[in-house]
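Visitor: One structure, pasted below without further comment.
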Amino acid sequence: MQPTVEEALNGMVNPRYMVLKDVTAVYHQPADTLDSRQAIKLFPGTRIYLRRPMPNGMRVDLGLVAGEQYYVPAKSLKGLQTIVEI
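See the structure below:
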């Protein structure tokens, strides 16, 4: 059985990121999506670093010094290309 993209990328040393194409809401935790409690809105061209797959989404950060992580629903990531920094 062939692994999913998330399984194949999990544990890689090189940072993986996506570049947003649309305005995208990110949340502090998955439960915040139920009542639309957005942490912030990110704009097209923003680079988000993939940290950990979660049910129905992905834990990401913005590559900032503080390293605060956010939750992005899978539907917001659909169609985006994963880029690996070398």
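So for the sequence shown, the numbering used here puts the first residue at 2; every next one is plus one.
Beta carbons are placed, not taken as given, at the ideal position from N, Cα and C, and that holds for glycine.
None of these values were measured; they are calculated from a predicted model.
Report the option in Ile87, Gln70, Arg48, Leu81 whose CA atom is closest to the CA atom of Pro31.
Guide: Nearest Cα to Pro31 within the set Ile87, Gln70, Arg48, Leu81: Gln70.
Visitor: So for Ala40, helix, strand or coil by DSSP?
Guide: coil
Visitor: Please report the residue range of the alpha helix (DSSP H) in which Leu78 lies.
Guide: 75-78
Visitor: According to the neighbour-count rule (16 or more other Cβ atoms, all chains shown, within 10 Å of its Cβ), is Ser77 buried or exposed?
Guide: buried
Visitor: Which residue comes first and which comes last in the beta strand (DSSP E) that contains Val61?
Guide: 58-62
Visitor: In angstroms with no decimal places, state the Cα-to-Cα distance between Arg121 and Lys79.
Guide: For the chain, the structure presents residues 2 to 87; residue 121 sits outside this window and is missing.
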